[in-house]
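Single-structure report; data block below.
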Amino acid sequence: MEIAQKSQRQDNDIDAICNRIDQLCSLTEMYYGKVKELYDRVEALEKMIVKVPEFYEYWKKLNACGYQD
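Residue numbering for the sequence shown is 3 to 71, as defined by this note's numbering.
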C-alpha cells in the first residue's frame, strides 16, 4: 500500500510539473507576441519619422544619446 501511495504522489508531482511547464510556455508565447507587436510598432514609427525632416533630426539626436538598441 505504501508503494502505491508513493507512486501516486510521484505521478501527481510529475503532473504538477508538466502543468507548470505548459503555463510557462503559454506565458512565453504571449510575451513574445507582445514584444513582437511593440517591435513592429517601433519599426513602423521609425519609417514614418524618416519621412518628416523635423522628426528625423530629433530621432537622430535621440539615437546619438543612446536610445537605440
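Ideal Cβ positions, reconstructed from N, Cα and C, are used throughout, including at glycine.
Go to residue i, then tell me how far its alpha helix (DSSP H) extends in each direction, as first and last residue.
| i | result |
| --- | --- |
| lysine 53 | Lysine 53 -> no alpha helix (DSSP H), and no H or E assigned at all. |
How is residue i classed by DSSP in three states: helix, strand or coil?
| i | result |
| --- | --- |
| cysteine 67 | coil |
Considering only the beta carbon of each residue, do residue i and residue j sit closer than 8 Å?
| i | j | result |
| --- | --- | --- |
| tyrosine 58 | valine 52 | yes |
Run the CB neighbour count on residue i, radius 10 Å, all protein chains shown included, and call it buried at 16 or more, exposed below.
| i | result |
| --- | --- |
| aspartate 71 | Note on aspartate 71: pLDDT 49, under 50, position unreliable in the model; the coordinate value appears next. Exposed, by the Cβ-count rule. |
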